[in-house]
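Contents: one structure, followed by commentary.
Protein chains in written order, with our numbering: chain A, 2 to 492; chain B, 8 to 194.
Written out as C-alpha cells, the structure is:
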C-alpha cells in the first residue's frame, strides 16, 4: 500500500510533537549509566584476576600432583620421626599411598650376578608402574650398567655397598676421583635419553618467556585536566578538583611483603613417563621386586619476605605506574640425608658443563640416609628491580597491579639435585643468577582519610625463567603486601 | 553544532556533552515514546531506558547518518520492547472480529488538529493497531520490517494497518465535521 498524502500529513504533524521531560529524568539516566559502566569494569577485572590467581593455583596444584606420582621409596629407619615424612612401623614413607617392600635378598642376588655392587644409593620399590615404563627404565639402566661394568674391569678397587658409613665413597665417586678428568665425564651416568637435558643448550632467557598478565585495561574515558568530576558544577566538586591538582604526581614509599614461596615445574610439556625416567631406572630382577635408584625428595614451600622502596607516578585519574628496588627472600625445604664431609664430586649440571663441589648431601631415600635424614632449608636472596602498572578500580580505593621484575640472585645456599649421581649438592653456579618474575596483585587503601594511610593486598610472583640450570624449576611466591607512602603522602 | 564532535565528547565521558546530547533529543524522543504508550509516565520510563542504551552503545554509532535518526531508532525499539514486557499493554495482534467500520466520506482527510491532539487520537487505537500505525505511517517501516519486529506475518501487518488507518480517518473525519458544525453554529 503506497503511502498517500494522509500518511505524509500525519508524519509531518508528528514531527512537530515535542515534550519537556520532567526534571528527575536526566539524573536517573546519569546514575544508571554510571552503575552499568562500573559493573562492567569490575567484572572484567574480576575475570582477569581470577585467571591470574587460577593460573598460580594451577601451577602449585600441578606440582603437587607431579610429586604424588613419583615413586616412594622405603628405608629402614629405626624410630626416627622426620618432618614432612611419616615414620611408621620402622619404615620411612612419603605421604602418598604407594606401598613399599624391602627385599635385601633380591638385592644381594642381583649384585652377585652382575658383579656390580650398586653402592650407597640403592633403592627398591614396588607399586603401580606401567609395563611399558618398566621396560623403558630397564633398558636405560641396563645401558648404564654396561657402561659401568666396562669401567669397573679396568679398576683394581672394588666398590662396596655403603652400609651407613658416612665416610664411605660411592664407586662412582671413587672412579671419578681416581681417573683423570677426561674420563670423568664418561663415568657420569648421563642417560642418553635424558630429556629435557640437552648438552650445549643455553639456559632460557627472558626472551623465550611471555608476560603472564595482559596489560590492556578496560578503556576508561580520559578526562581533560581540570575538568569537573561526576559530581557536577557544585562548589564541592570545584574544591575537590583543586585539591587533586595540588597533589603531586610522584609518590614514594616502602613496601613489605610476607608469604610463602615454592618451586613449580613450569609448563607441562613433558609427558609424565619421560619425566619419571629422569629420576628412576629400575634394575630388572626376574621374579623379584624392581630396584630403582633414588629420585629427589619433594620440595616443600617455605617462607618468603620482601622489603623495598617504591616510587609511583600517576599518569591519569586511574592509571599509574610504579618502580622499585627490593630485597626478596625466598625459601623452600627438602628432606636430605647426611652431609658427606671430606668428599668432593664433579657433576653435570644438565647443561653440558661440569661443576665441582664439596658440599654434598645424600639423598633422603638412600641407605646412606639411615639415621641422618634432615630437613634442609633452601634460601634464596634476591635483589630486584620492578616495574608495575596500576589501575584503580571504580570509586573505591582498590587497585589492580601487574608487571615484571628483574631479580638478581645475590646469595643462596640452595641444594640442587643431581639426577646422575643421585645426591644433592650446593653450588651457586648451578642456579641462574638473573630471573625475570611476573607479578600481579591488588591493593586496598585503609585509613584513607587518616594521617597514615596504608595499602594492603595479595600479591603473586612467578618466575618466568628457570631457577636451576638444566632443570625445569620455577620459583614462585604468594603473600600479602603492605605499602605506606612517605612524607605524609598517599599512594 | 557539530554532532560528530558532540558524540566524541560523549564517548570520552564528558558529563556536559552527555547532558547536551540529552537536551538536544529528549523533547522529540519523548514524543516518539508518547505515541507508543498510553501515559506520559510510561513514556518517560521508555525515554530513560532508551537514553541509557544510547549512551552505553554510542561507540557503535558510525558517523554515517544523522545522529537523530540513530537515536530515534533506539527509542522505537525500546518502546516496542517495553510494550512486549509490560503486561498492561496488549501486544497480541489477534483482534476480535469487529463489524466493519462506517464508510468514510474521505479517504484522505485533512489533518487540522494539533500534533498533541493527533497523537492522542493515535493513542486511542487498540495497542496492536497503535503500534503498527506508528511504525508504518510515522516511522516509515514497510510491512516486512514490521512483521520481523513484531513477530507477525506481513499480511497480518497489512490488514491491521488498514483497520487502524480506517479507524483513525473516521475519527479525524468526525473531528473535522464537529469543527464544521460548531463553526456553523457560531454564525
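Virtual Cβ for every residue (Gly too), placed ideally from N, Cα, C.
Please read these numbers as outputs of a predicted model, since none were measured by experiment.
Should residue i and residue j be called a contact, given that it needs their Cβ atoms to be closer than 8 Å?
i	j	result
residue 321 of chain A	residue 314 of chain A	yes
residue 405 of chain A	residue 381 of chain A	no
residue 432 of chain A	residue 254 of chain A	no
residue 11 of chain A	residue 125 of chain B	yes
residue 479 of chain A	residue 261 of chain A	yes
residue 358 of chain A	residue 301 of chain A	no
residue 58 of chain B	residue 30 of chain A	yes
residue 439 of chain A	residue 465 of chain A	yes
residue 128 of chain B	residue 178 of chain B	yes
residue 35 of chain A	residue 395 of chain A	no
residue 308 of chain A	residue 328 of chain A	yes
residue 364 of chain A	residue 417 of chain A	no
residue 36 of chain B	residue 82 of chain B	yes
residue 135 of chain B	residue 167 of chain B	yes
residue 34 of chain B	residue 316 of chain A	no
residue 74 of chain B	residue 27 of chain B	no
residue 415 of chain A	residue 376 of chain A	no
residue 154 of chain B	residue 164 of chain B	yes
residue 63 of chain B	residue 14 of chain B	no
When you compare each of the options to residue i by their alpha carbons, which one comes out closest?
i	options	result
residue 263 of chain A	A:425, A:379, A:409, A:428	A:379
residue 5 of chain A	B:157, B:184, B:147, B:39	B:147
residue 399 of chain A	A:389, A:388, A:445	A:445
residue 454 of chain A	A:35, A:384, A:256	A:256
residue 144 of chain B	B:84, B:42, B:48	B:42
residue 412 of chain A	A:462, A:430, A:401	A:430
residue 138 of chain B	B:87, B:119, B:150	B:87
residue 119 of chain B	A:377, A:483, A:13	A:13
residue 46 of chain A	A:142, A:317, A:393, A:311	A:393
residue 132 of chain B	B:48, B:36, B:169, B:82	B:169
residue 51 of chain B	A:326, A:463, A:24, A:319	A:24
residue 361 of chain A	A:376, A:374, A:339	A:339
residue 459 of chain A	A:420, A:471, A:469, A:401	A:401
residue 456 of chain A	A:472, A:482, A:333, A:474	A:482
residue 56 of chain B	B:85, B:79, B:29	B:85
residue 265 of chain A	A:310, A:252, A:468	A:468
residue 493 of chain A	A:336, A:391, A:385, A:375	Nothing can be reported for residue 493 of chain A, as the shown portion of chain A is limited to 2 through 492.
residue 403 of chain A	A:470, A:144, A:148, A:324	A:324
residue 374 of chain A	A:341, A:143, A:37, A:421	A:341
residue 441 of chain A	A:149, A:449, A:333, A:387	A:387
residue 25 of chain B	A:19, A:28, A:18, A:17	A:28
Can you give me the start and stop residues for the beta strand (DSSP E) that residue i sits inside?
i	result
residue 72 of chain B	Looking at the DSSP string, residue 72 of chain B is not in any beta strand (DSSP E), and its letter there is neither H nor E.
residue 443 of chain A	435 to 447
residue 20 of chain A	Per DSSP, residue 20 of chain A belongs to no beta strand (DSSP E) and is neither H nor E.
residue 313 of chain A	300 to 315
residue 361 of chain A	361 to 364
residue 424 of chain A	424 to 427
Taking the DSSP output, what are the residues bridged to residue i?
i	result
residue 382 of chain A	A:330, A:412
residue 483 of chain A	A:257, A:457
residue 251 of chain A	A:314
residue 262 of chain A	A:303, A:478
residue 393 of chain A	A:400
residue 346 of chain A	A:358
residue 494 of chain A	Summary: the structure shown does not reach residue 494 of chain A, with chain A confined to residues 2 through 492, and so no result is reported for it.
residue 336 of chain A	A:376
residue 469 of chain A	A:432
residue 417 of chain A	A:426
residue 464 of chain A	A:438
Between which two residues does the alpha helix (DSSP H) containing residue i stretch?
i	result
residue 124 of chain B	122 to 131
residue 12 of chain A	6 to 16
residue 374 of chain A	From DSSP, residue 374 of chain A is part of no alpha helix (DSSP H); its letter is neither H nor E.
residue 38 of chain B	22 to 43
residue 319 of chain A	Unbroken run through residue 319 of chain A: none, as it is neither H nor E.
residue 11 of chain B	10 to 18
residue 55 of chain B	47 to 63
I want to verify the contact list: residues of chain E whose CB lies under 9 Å from the CB of residue i, in sequence order.
i	result
residue 39 of chain A	Checking the listed chains, one finds no chain E in this structure; the protein chains it contains are A and B.
What alpha helix (DSSP H) runs, 4 residues minimum, are completely inside the stretch 138 to 185 of chain B?
With a minimum length of 4 residues, the continuous alpha helix (DSSP H) runs that stay inside the stretch 138 to 185 of chain B are 150 to 157.
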